[in-house]
Amino acid sequence: MAPPIKQTFVLEVSVRSEKDRTKAMEIVGGTKGVVSVQCEKGQGKLTVEGEDVDLGVLIQTLEKKVGSTLTTAFTSNFKG
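Residue numbers (the numbering used here): 171 to 250.
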């Protein structure tokens with residue numbers, strides 16, 4: 171079994187209110203593999219750290235339930 175892939179990425183989410191920001195944080199925090207989430211207020215940027223996070227599913231869920239979502243940075247420890 172391969173070791174987990176540690177990931178860090180920054181998502182820019184279109185949040186229009188505090189309610190949207192809270193919803194985005196809950197979605198990201200409840201996603202399998204996410205270890206921590208930090209939010210930059212006023213900018214809609216979420217810094218996410220985790221292991222083996224399915225980024226495609228996470229972005230799709232955020233777009234459906236909150237608003238437009240972009241990945242602005244991504245790092246991984248994958249050594250394949």
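Glycine included, C-beta positions come from ideal geometry on N, C-alpha and C.
Go ahead and label residue i buried or exposed: buried means 16 or more other beta carbons lie within 10 angstroms of its beta carbon, across all protein chains shown.
| i | result |
| --- | --- |
| A194 | buried |
| L181 | buried |
| T242 | exposed |
| Q177 | buried |
| L240 | exposed |
| V185 | buried |
| V205 | exposed |
Report yes if the C-beta distance between residue i and residue j is below 8 Å; otherwise report no.
| i | j | result |
| --- | --- | --- |
| I197 | N247 | no |
| T192 | L228 | no |
Using beta carbons (cut-off 8 Å, strictly below), is residue i in contact with chain B?
| i | result |
| --- | --- |
| R191 | In the structure shown, chain B does not exist; there is a single protein chain. |
Return the Cβ separation of residue i and residue j in integer angstroms, given the expectation that the two are a contact with Cβ distance under 8 Å.
| i | j | result |
| --- | --- | --- |
| G199 | D222 | The Cβ separation is near 16 Å, so there is no contact. |
| D190 | G226 | At roughly 21 Å, the Cβ-Cβ gap does not stay under 8 Å, so D190 and G226 are not in contact. |
(message) I'd like to know if the region 209 to 224 and the region 173 to 188 are in contact, where contact means that at least 3 CB-CB pairs between them fall below 8 Å.
(response) yes
(message) What ranges does the alpha helix (DSSP H) occupy inside the region 191 to 244, keeping only unbroken runs of at least 4 residues that lie completely in it?
(response) 225 to 235
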